[in-house]
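Structure record follows, encoded as structure tokens.
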Ligand code: SF4
Ligand code: SF4
């Protein structure tokens, strides 16, 4: 029997880590991820895990310690947010290129500056090409489930890559929700034992990890790394299938919500999907053909599958919780748009940058997006596809007036 | 283990296809630095003057590249495959038994 409980996202992830019982956890506190190592270190102190907890002096050291430990043959985990991950930067790439399946919970937060501790996806999106697998969860339950599956995905022999378990800072990390936990033994059995092929503490095989890679080698190692990422798609689905048998909870590369006959769709990552599903239900009740796609796996990017799922729509809005600063659209938009390039009768597609630095996303905001899409379907024109939602704009009379009212 | 056997095990040849190379460039054995010849990096070259050498062996432990071979407790001529020409040995020799000259002259 599954255990019903009520936990914050951070506590749920810490509980999953207790159940996984990794060999090493090295972490440095940063809002809003701090609670993960905080709860976990209490499990260490209370003797509930066998983990070596390394209280390092910076995030650069945290990731370095994780790399050293995982290379030694230890199953290793950590957690961070925003500028903490920014300080890990060079080590993120090294973890991936050394093919070390470290699992890191990234409690997403705006990457300063301006300095801000609230949620958006600028930290995760900045690291999207560092070679880490990226899973995005909508709720506490998904953050818990994803971190358990992450262990199996990363360690799979065809993958061998680090995995980021991304969930929204404060919204998911600190809000307490109902959750179904697995029994400790079931998690233990599901993750199994870590059996790396090569590891530094193997007394029977003296090896070197992370050597200098001159031009006659480097390219082949990067190509092989890319293959690990490609292989991950299949492995993620296999692990999800096994997880479903255990829990009854179904996971894919993305979730399709009321998409079957949808003419208008929103593509979104993370907790905003919850708000958007509420709006979809309301509009559906009025007979509107609207749907939602929530991307769970952003790396590897499920391009073909998304193209297939979206191809029958007339208009799509891709929601980005971080800007791209290329002047031409944010990361999720550019990738979804590129995925649709080969589709015949392509749907119209627009981009909304929203929720930056913790700006609230209300159901009325999502309603606006669907009504903008309705207009595009009607006129057949998607002008100015690079848009902002919820920014106070002097030219947007409604928003500016509302903002002025709050000031008074 | 003979050098030949060792070499077979640990050397991943240059331009090995990506499907056959080790993940992340893991080197699956140790003690293979000798196969990487660093002598070509040299701009200056130490010359051992055997007749002036007293076999005090002060030079031997100072070489950062283990390029002064020892046999029967006596130093041999330099291992020019690996000597990088740093000149430490020439500096340390108390008997002026090592010249330090421009490479190629
Ligand atoms: S330090 Fe000079 S004298 Fe002593 S062993 Fe070396 S070369 Fe010979
Ligand atoms: S020049 Fe430097 S590297 Fe060469 S033998 Fe002397 S100490 Fe060693």
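Protein chains in written order, with the numbering used here: chain A, 105 to 512; chain B, 2 to 106. Here a beta-carbon is modelled for each residue, glycine too, at the ideal position from N, C-alpha and C. Please read these numbers as outputs of a predicted model, since none were measured by experiment.
Span of the alpha helix (DSSP H), counted from its first residue to its last, around residue i
i, result
"residue 414 of chain A", "407-414"
"residue 502 of chain A", "501-511"
"residue 316 of chain A", "Run containing residue 316 of chain A: none; DSSP gives neither H nor E here."
"residue 174 of chain A", "163-176"
"residue 195 of chain A", "193-201"
"residue 294 of chain A", "288-295"
"residue 90 of chain B", "89-93"
"residue 472 of chain A", "467-483"
"residue 244 of chain A", "244-259"
"residue 388 of chain A", "376-389"
Minimum Cβ-Cβ distance from residue i to chain B less than 9 Å
i, result
"residue 320 of chain A", "yes"
"residue 266 of chain A", "no"
"residue 252 of chain A", "no"
"residue 356 of chain A", "no"
"residue 164 of chain A", "no"
"residue 309 of chain A", "yes"
"residue 305 of chain A", "no"
"residue 479 of chain A", "no"
"residue 142 of chain A", "no"
"residue 173 of chain A", "no"
"residue 245 of chain A", "no"
"residue 493 of chain A", "no"
"residue 111 of chain A", "no"
"residue 204 of chain A", "yes"
Residue interval of the beta strand (DSSP E) (run including residue i)
i, result
"residue 109 of chain A", "107-112"
"residue 210 of chain A", "207-212"
"residue 438 of chain A", "Per DSSP, residue 438 of chain A belongs to no beta strand (DSSP E); it is in the alpha helix (DSSP H), 435-443."
"residue 417 of chain A", "No beta strand (DSSP E) contains residue 417 of chain A, which DSSP labels as neither H nor E."
"residue 341 of chain A", "Counting along the chain, residue 341 of chain A falls outside any beta strand (DSSP E), though it belongs to the alpha helix (DSSP H) covering 322-351."
"residue 49 of chain B", "45-49"
"residue 64 of chain B", "Residue 64 of chain B -> no beta strand (DSSP E), and no H or E assigned at all."
"residue 184 of chain A", "180-184"
"residue 448 of chain A", "That residue, residue 448 of chain A, is in no beta strand (DSSP E); it is neither H nor E in DSSP."
"residue 140 of chain A", "Unbroken run through residue 140 of chain A is the alpha helix (DSSP H), 139-149; no beta strand (DSSP E)."
"residue 100 of chain B", "99-103"
"residue 268 of chain A", "267-272"
Contact set between residue i and chain B, taken where Cβ atoms lie within less than 9 Å
i, result
"residue 194 of chain A", "In chain order: nothing, as chain B lies at least about 16 Å away."
"residue 313 of chain A", "25, 26, 27 and 28"
Under 7 Å from the C-beta of residue i: neighbouring residues of chain B
i, result
"residue 317 of chain A", "26"
"residue 201 of chain A", "25"
"residue 260 of chain A", "Result: empty, since nearest Cβ-Cβ is about 12 Å, beyond 7 Å."
"residue 302 of chain A", "27 and 29"
Cutoff 9 Å: residue i Cβ touching any chain A Cβ
i, result
"residue 94 of chain B", "no"
"residue 4 of chain B", "Summary for residue 4 of chain B: the model assigns pLDDT 46, below 50, so the residue's position carries little reliability, and this model does not support an answer."
"residue 40 of chain B", "no"
Subject >> Where the segment 8-36 of chain B meets chain A: residues whose CB sits under 8 Å from a CB there >> reply: 13, 15, 16, 17, 18, 19, 20, 22, 23, 24, 25, 26, 27, 28, 29, 30, 31 and 32
Original post:
Within the chosen definition, does the segment 348-365 of chain A reach the segment 399-414 of chain A through at least 3 CB pairs nearer than 8 Å?
Top reply: yes
Original post:
Does the count of Cβ pairs from the segment 150-159 of chain A and the segment 203-217 of chain A closer than 8 Å reach three?
Top reply: no
**OP:** For the segment 266-274 of chain A and the segment 305-318 of chain A, state whether three or more C-beta atom pairs, one from each stretch, are separated by less than 8 Å.
**Re:** no
Original post:
Going along the segment 323-335 of chain A in order, which residues come within less than 7 Å of chain B, judged by CB to CB distance?
Top reply: 324, 325, 327 and 328
Original post:
Do the segment 334-341 of chain A and the segment 45-54 of chain B touch if we need at least three Cβ pairs shorter than 8 Å?
Top reply: no
Original post:
Is the segment 458-467 of chain A in contact with the segment 487-495 of chain A, if contact means three or more CB pairs nearer than 8 Å?
Top reply: yes
Subject >> Three-pair Cβ contact test at 8 Å for the segment 9-23 of chain B versus the segment 289-300 of chain A >> reply: no
**OP:** For the segment 124-132 of chain A and the segment 160-176 of chain A, state whether three or more C-beta atom pairs, one from each stretch, are separated by less than 8 Å.
**Re:** yes
Subject >> Three or more C-beta pairs below 8 Å linking the segment 217-235 of chain A and the segment 407-420 of chain A >> reply: no
Original post:
Counting pairs of Cβ atoms below 8 Å between the segment 223-233 of chain A and the segment 187-196 of chain A, do you hit three or more?
Top reply: yes
**OP:** Please determine if the segment 369-378 of chain A and the segment 418-428 of chain A are in contact, where contact requires at least 3 C-beta pairs separated by less than 8 Å.
**Re:** yes
Original post:
At a cut of 8 Å, does the segment 22-41 of chain B reach the segment 83-95 of chain B through at least three beta carbon pairs?
Top reply: yes
Original post:
Below 8 Å, can you find three or more Cβ-Cβ pairs linking the segment 287-294 of chain A to the segment 241-251 of chain A?
Top reply: no
Original post:
Can at least three beta-carbon pairs, one atom from the segment 441-452 of chain A and one from the segment 386-395 of chain A, be found at a separation below 8 Å?
Top reply: no
**OP:** Would you be able to state if there are at least three C-beta pairs under 8 Å between the segment 20-28 of chain B and the segment 58-67 of chain B?
**Re:** no
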